[in-house]
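Sequential numbering from 173 applies to the sequence shown in our numbering.
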Amino acid sequence: MPYLTPQQARLRDDIRGLVKGEVRCDELTLQLYSTDASLLQCRPQAVVWPRSVDDVVACVGYAREESFSIHARGAGTGMVGDSLGSGIVLDFSRFMTRIMDQTADSVTVQPGISYHYFAIHLYFSNSVWIN
Ligand SMILES: Cc1cc2nc3c(=O)[nH]c(=O)nc-3n(C[C@H](O)[C@H](O)[C@H](O)COP(=O)(O)OP(=O)(O)OC[C@H]3O[C@@H](n4cnc5c(N)ncnc54)[C@H](O)[C@@H]3O)c2cc1C
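Below, the structure is given as structure tokens:
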């Protein structure tokens, strides 16, 4: 069980009470999410893996009330540190990766879907993709 300061434990428990996704505030997780593919570093206060739009709405509401910034994150491959921040990181790449709907000329996806998976889906559904 990772050690948490009382403030970290409170923040984790607050957010866990609001979302169905996972929440971490331990040092190892915060260190992992302090970097991306850039040379920059910025340590967040919490990392949340939302499972649904409701989770995202709850996190944004909590962040507004408690004056935390929100930082959306996909694969963390941005090269200018743009997924880093000192508030709450929302990592969409674990749970919110589904293809929701497809019509003849559009596809609706969740925000954490990877480019690779999306391209494979289009290939096997015989869809034309203008890149
Ligand atoms: C080796 C390498 C090669 C690369 N080659 C290319 C290339 O050829 N072409 C190219 O364009 N880029 C390239 N990049 C840059 C990088 O792959 C892109 O910037 C990539 O699209 C970032 O996606 P990500 O999911 O990793 O986003 P992240 O790095 O996680 O985030 C990037 C930004 O998007 C925001 N964001 C992430 N998810 C969401 C969301 N769900 N809602 C709102 N905002 C969100 C973040 O807050 C942040 O501001 C390369 C990077 C590396 C490391």
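The C-beta atom is built at its ideal place from N, Cα and C for all residues, glycine as well.
Which of helix, strand or coil DSSP assigns to residue i
i      : result
Arg196 : strand
Pro254 : A quick correction: the sequence has Asp, not Pro, at residue 254. Looking at Asp254 - three-state DSSP - the assignment turns out to be coil, as it is neither helix nor strand.
Val191 : coil
Tyr295 : helix
Leu211 : coil
Leu183 : helix
Tyr287 : helix
Thr201 : helix
Pro174 : coil
Neighbourhood of residue i by C-beta distance below 8 Å, restricted to the same chain and skipping five residues each side
i      : result
Glu199 : Pro174 and Tyr175
Same chain only: Cβ atoms within 7 Å of residue i, ignoring 5 sequence neighbours per side
i      : result
Tyr205 : Pro216, Val219 and Val261
His293 : Ile271
Residue environment, residue i, which counts as buried when at least 16 other CB atoms sit within 10 Å
i      : result
Asp227 : buried
Ser286 : exposed
Arg182 : exposed
**Request:** Report all residues for which the CB-ligand distance to some heavy atom of ligand 1 is below 5 Å; order them along the chain.
**Result:** A residue is listed when its beta-carbon falls short of 5 Å from at least one non-hydrogen atom of ligand 1; in chain order these are Ala209, Ala244, Arg245, Gly246, Ala247, Gly248, Thr249, Gly250, Asp254, Ser255, Phe264 and Pro283.
**Message:** For a minimum of 3 consecutive residues, which ranges assigned as the beta strand (DSSP E) are wholly contained in the stretch 214 to 285?
**Reply:** Those beta strand (DSSP E) runs which fall completely within the stretch 214 to 285 and span 3+ residues are 218 to 221, 242 to 245, 260 to 263, 271 to 274 and 279 to 281.
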